[in-house]
Structure formats: structure tokens, C-alpha cells
Amino acid sequence: MNSGPLWTKAFIFVSLSNFFLFITYYSLLITLPSAAISHYGASGTEAGLFTAVFLGAAIIIRPFLGPWIERVGKRYIFIASLLVFTAASFSYGLFDSIFPLLVIRFVHGLGFGIATAITGAIIADIVPESRKGEGMGYFVMSSNLAMVIGPFIGLTVFGEFSIFVLFWVGAASSLLALILGVVTKLSKETAVPSVLEAKPKVSVFEKAAMPIALTGAFFALAYSTILSFMAVFAMERGLEDEASYFFAVFAVVLILSRPFTGRWFDQYGANIIIFPSILLFGCGMLSLGLSHSAPLFFVAAGLIGLGWGTLFPLFQTLAIQSVEPSRRPVAMATFLSIFDIGIGGGSLLAGTLAGTMELGTLYVFSAFYIFLGTAVYYWTYKKGQRARLVEEVQ
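According to my numbering, the sequence shown is numbered sequentially starting from 21.
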């Protein structure tokens with residue numbers, strides 16, 4: 021699959037399914053901790069479990085994804101993961117106490133962990149090899165857009181109605197993701213395991229994807245501070261009204277840049293895009309830490325959208341390109357699991373540091389941390405070069 025169209029029906033349907041999956045994810049991520057405290061009477065620690073249990077389940081389940089796919093095939097795992105995710109989404113509204121909701125949250129995370137890894141692997145098979153960077157960029161943009169729309173839906177529905185209405189909105193979004201997944205037609209080689217394999221491989225981690233996965237987790241530590249504390253930071257700086265538009269600016273810049281960044285990656289290689297993107301991400305974080313007014317605040321949003329919004333899909337692309345096609349699901353699962361550890365660890369670390377310094381100062385320090393990431397990526401690049409040289413010699 022070296023050439024061919026990018027915008028096929030399968031590509032569009034899987035991307036839309038991913039979009040509705042993330043709408044549910046982000047709408048609940050932003051509201052459940054608050055609802056746990058205000059509606060269910062949970063403590064702060066119990067409220068934090070709603071996020072920790074979900075991401076923990078996703079991280080735990082992904083290493084088993086590779087062997088399952090090699091035995092059953094991508095299509096069956098894709099549909100099964102969406103069924104689990106949708107069933108859990110419909111279950112939230114049936115209970116009104118903390119423990120059963122945490123159990124549902126765990127099951128929801130299992131479905132999410134599998135679905136997010138398998139959709140990326142399916143897209144990697146669908147997209148022509150010559151347009152891999154461009155295609156993965158557009159696919160990841162579906163989750164980036166959900167990152168803007170999901171919190172807006174969550175906060176609006178939760179604020180105007182109730183958490184129970186939001187549960188049913190999330191369930192409807194999950195059902196749309198499932199329907200799109202069911203009607204998606206995949207090629208035989210994408211949908212089922214290869215009959216040429218004498219027996220399936222059982223490895224649960226992809227060693228070749230580890231360097232770029234660790235690099236992604238390095239930068240995720242910094243990005244998690246935005247996800248976790250943007251609302252608090254905006255309140256500290258008197259930018260509460262502007263805070264809801266931060267990710268909207270992020271998304272607009274991402275959409276405008278996407279047709280170019282992915283194509284340049286395919287034409288000129290990773291370094292020509294990734295090194296400048298790291299610098300833009302760092303400059304955006306520095307601007308955010310120094311912002312006391314709306315103009316600089318939105319400049320920061322644009323720079324972070326251009327920098328981080330470009331880095332994440334390209335890291336995923338590099339993880340996929342580091343392995344043969346049959347190992348792509350394992351590579352994607354490895355990348356996302358380590359990446360989520362970076363997001364979770366970063367949130368915990370940021371929470372600790374936020375108690376000792378002002379958030380603006382934390383963002384400034386994060387900027388210099390990101391700049392150091394150029395050396396981390398360079399290590400990844402050199403390691404990949406050595407691995408390819410060894411393969412050529414062998």
C-alpha cells in the first residue's frame with residue numbers, strides 16, 4: 021500500500037468513531053471529579069480516583085492487545101472495545117453511589133484503552149505509506165477537536181442540567197462511535213490475522229517503539245500541567261472568561277496547520293518538523309507562564325496548538341513506522357500506555373509542585389524542561405539510526 025487515496029470511507033468512518041469516543045471521554049473527564057464531590061459527597065481523594073481508575077485500566081489492558089489481535093483480528097477487537105465502552109457509558113446513569121461508579125469507570129477505561137490503540141493501528145493500515153504522516157495527523161485531529169468540544173459539552177450540560185443528563189449525552193456519543201465502527205468495512209488483511217503465520221506472537225510490548233514512546237511521555241509530563249490546572253491558572257490570572265476559548269484557539273491553529281505539517285513530514289522527514297515543533301511548544305508554555313492579559317494568553321494557546329498539536333501525531337507515526345505492519349497494534353499500544361503514564365505522572369507531579377509555587381512559575385519552568393526535550397528527541401533519533409544500521413548489516 022504505497023500509494024492511493026487518503027480520504028476513503030473507512031478512513032472517515034474510523035476517524036469519526038474516534039471523534040465520538042473522545043467526546044465522551046473529555047466530557048466526563050472534565051466534570052466527573054467535580055460531580056463526585058458536589059453530587060455524590062466524595063472526598064478529594066475519591067474524586068481523583070475517577071480519573072486515576074480510568075487511565076489505570078487503559079494502561080493495564082493495552083499490553084494484552086497485541087496477542088489478542090494476532091489471534092482474532094483487528095475488526096473483532098475494534099467492535100468489542102466499542103461495545104464495552106458503550107455499555108459502560110450507558111451504565112453510569114443506573115447508579116448513585118461512589119463504589120459502583122468506580123467499577124464502571126474501570127470497565128470504561130478498559131474499553132477506552134483498547135479502542136484508542138486499535139483505531140490508530142487500523143488507520144495506519146488504511147493510510148497509504150507515502151502519506152503516513154499526513155494521514156495520522158488528520159486522524160489525531162479528530163481527538164484534538166473532541167478535546168475542545170467535549171469539555172464544552174460536559175461543562176454546559178453539567179452546569180445547565182445535571183450529571184445524569186450528561187451521562188446520557190455521553191452514552192449517545194458512545195453509541196454513535198459504535199455504529200460507525202460496525203458499518204466500517206475493512207480490507208481482509210486489515211480486519212483479520214494473516215493465515216501465513218504458523219502461530220501468533222505473544223509479546224505484549226514492542227521494543228522498537230519504546231524510545232519514541234518514552235520521548236512522547238517526556239513531553240506529556242509538561243502538557244499534563246495544562247490539562248490539569250488550566251482552569252485554576254486562569255482564575256489566578258483573572259482570565260476566567262478567556263479560559264474556555266484557550267482550547268478553541270488551540271484547535272483552530274491545529275486545523276489550519278494540519279494540511280502542511282503532515283505533508284512536510286512525509287516529504288522531508290521527521291526532523292524538519294519535530295525540532296521546530298518542540299521549540300514552538302516551549303515558547304508557547306513560556307508565553308503562558310508570563311501571560312497576564314488575553315492577547316498573550318491566546319498567543320500561548322496558538323503556539324502550544326502548533327507545537328504540541330504537531331508533535332503528538334508525529335510521535336505516533338514514528339512509533340508505527342518503527343515496526344512491520346503486523347506489529348503496529350502492539351507498537352500503538354506500547355506508545356499510548358507509556359504516554360498515558362507520562363500524562364498521569366505529570367498530573368501528580370504538577371499537583372505537588374503547584375502547592376509550592378505559583379502556576380505561572382511552574383509553566384515557565386516547564387518551558388525550559390520542554391527545550392531540554394530537543395536532546396531527548398535527538399537521542400531517540402540517533403537510537404533509531406543505529407537500529408536501522410544494524411538491520412541493514414544483518
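Even glycine gets a Cβ: it sits at the ideal position worked out from N, Cα and C.
Close-in-space but distant-in-sequence residues of the same chain around residue i (CB under 7 Å, 5 per side omitted)
i	result
residue 387	302, 305, 306 and 309
residue 316	307 and 310
residue 382	245, 370, 373 and 374
residue 294	331, 334 and 397
residue 263	250, 251 and 254
residue 17	The structure shown does not extend to residue 17, since the chain is modelled only from 21 through 414, so no value can be given for it.
residue 226	343, 347, 350, 351 and 354
residue 230	354
residue 389	242
residue 55	178 and 183
Cutoff 6 Å; reference residue i; Cβ partners in own chain excluding five residues on either side
i	result
residue 326	273, 277 and 300
residue 152	337
residue 236	335 and 359
residue 328	243 and 301
residue 24	148
residue 35	159 and 162
residue 391	302
residue 89	97 and 349
residue 168	267, 268 and 271
residue 37	197, 200 and 201
residue 400	231, 232 and 235
residue 29	none
residue 60	118
residue 40	193, 196 and 197
First and last residue of the uninterrupted alpha helix (DSSP H) at residue i
i	result
residue 184	183-203
residue 116	Element bounds for residue 116: n/a, residue is neither H nor E.
residue 107	94-111
residue 152	152-180
residue 294	291-310
residue 369	348-374
residue 42	29-49
residue 54	52-58
As assigned by DSSP and simplified to three states, the class of residue i
i	result
residue 389	helix
residue 334	helix
residue 265	coil
residue 258	coil
residue 226	coil
residue 319	helix
residue 24	coil
residue 382	helix
residue 61	coil
residue 71	helix
residue 416	Residue 416 is absent from the structure shown; the chain starts at 21 and stops at 414.
residue 231	helix
residue 276	helix
residue 244	helix
residue 120	helix
residue 148	coil
Cutoff 8 Å; reference residue i; Cβ partners in own chain excluding five residues on either side
i	result
residue 113	184, 187, 188 and 191
residue 216	Residue placement at residue 216 is poorly supported in this model, since its pLDDT is 40, which falls under 50; the coordinates are not used for a value here.
residue 68	53
residue 384	305, 306, 309 and 310
residue 218	Note that residue 218 has pLDDT 42, beneath the 50 cutoff, so the model's placement of it is unreliable and the number below is only indicative. Nothing listed; no residue qualifies.
residue 361	79 and 237
Rounded distance between the beta-carbons of residue j and residue i, thought under 8 Å
i	j	result
residue 340	residue 351	6 Å
residue 133	residue 81	4 Å
residue 170	residue 43	5 Å
residue 108	residue 131	6 Å
residue 324	residue 393	Not a contact, Cβ separation roughly 14 Å.
residue 142	residue 49	So it is not a contact: roughly 24 Å between Cβ atoms.
TODO: Pair every Cβ in the segment 123-143 with every Cβ in the segment 72-88, then say whether three or more of these pairs are closer than 8 Å.
DONE: yes
Open item on the list: So, does the segment 167-184 touch the segment 119-128, judging by three or more C-beta pairs under 8 Å?
Closed with: no
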